[in-house]
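Have a look at the structure below, then the notes.
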Amino acid sequence: MTKHPPIKHADGHRHDYLPAAGRDAFLPFYDILSSALGVPKLHRALIDRAELADGQVALEIGCGTGTLCLRAKQAHPGVRVVGLDPDPLALARARRKTGGLTGIRFEQGYAQRLPFDDAAFDRVLSSLMLHHLDDDGKAASLAEALRVLRPGGSLYVLDMTGDLHGVHGLMARRMSRSGHRAGDDDLPRLLAAAGFACDEVATHRHRVMGRVAFYRAVRPA
């Protein structure tokens, strides 16, 4: 879901976003790598915390190949699920993975400019996506999440966080050098600035990603 300067790949294509696997050529291995890193366990924890219920409509921003959307739909069949990502190749893979499952769809777009009406969703989910954005991109995405949530609706975020000094984990160290990775207070500060009532609900130490945190942010009623 990341907005980036154009990136030219070996196939000659240019993107203004970061592809789900970093490069289009790596996309077939994306789900395998995610599974090896233990991302499905983090997804289950995010879904467990999201308080999904029959009749709700949930949106995932930066859905990639749709794994979290599919898990949410399988765990809560009565919830309508929408996944959004700018990467058409990842979205094509996500649509194939649904296997004809109804009540779930995938659309192309950016978190900073959501193509949805105001107050269209009960839940917005974000998994390991916001750290790719600079502060302006995060702020725009959070403002859009607030806009599309119904009053009393919630945004649930899973992302890498922690003190940028003494960062642990290979991916965490790489992200800290990029300047985009959140520090301890960055996401709560940005969520509050967007108009959310926010709290950090859990943290987890990951061997590769370092410290990851779960946040619940509510659009005030």
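Last residue of the sequence shown: number 222 in our numbering, and the count goes up by one each step with no gaps. We put the beta carbon where it would ideally sit given N, CA and C, even for glycine.
- Proximity of the region 111-131 to the region 143-161 meets the contact definition, three or more beta-carbon pairs being nearer than 8 Å.
- If you look at H205, you'll find it isn't in any alpha helix (DSSP H); it sits in the beta strand (DSSP E) that goes 198-207.
- Contact between L43 and L60 is absent: CB atoms are separated by about 19 Å, not below the 8 Å threshold.
- As the crow flies, the alpha-carbon of L115 is around 8 Å from that of V149.
- In the structure shown, G138 falls within a helical segment according to DSSP collapsed to helix, strand and coil.
- Rounded to the nearest angstrom, the gap between the Cα atoms of R217 and L188 is 11 Å.
- Per the coordinates, the alpha-carbon of F107 lies some 12 Å from the alpha-carbon of L69.
- Boundaries of the beta strand (DSSP E) harbouring P152: 150-161, taken from the DSSP string.
- Under the three-state reduction of DSSP output, F122 falls in the strand class.
- If you ignore the 5 residues before and after V213, its C-beta comes within less than 6 Å of the C-beta of M161, H205, H207, all in its own chain and listed in chain order.
- The beta carbons of A140 and A194 sit closer together than 8 Å.
- With contacts defined by Cβ atoms closer than 8 Å, R45 and T66 do not form a contacting pair.
- The beta carbon of L92 is closer than 7 Å to those of D86, F107, Q109 in its chain, skipping five residues each way along the sequence.
- When the five nearest sequence neighbours on each side are left out, no beta carbon in the same chain lies closer than 7 Å to the beta carbon of R97.
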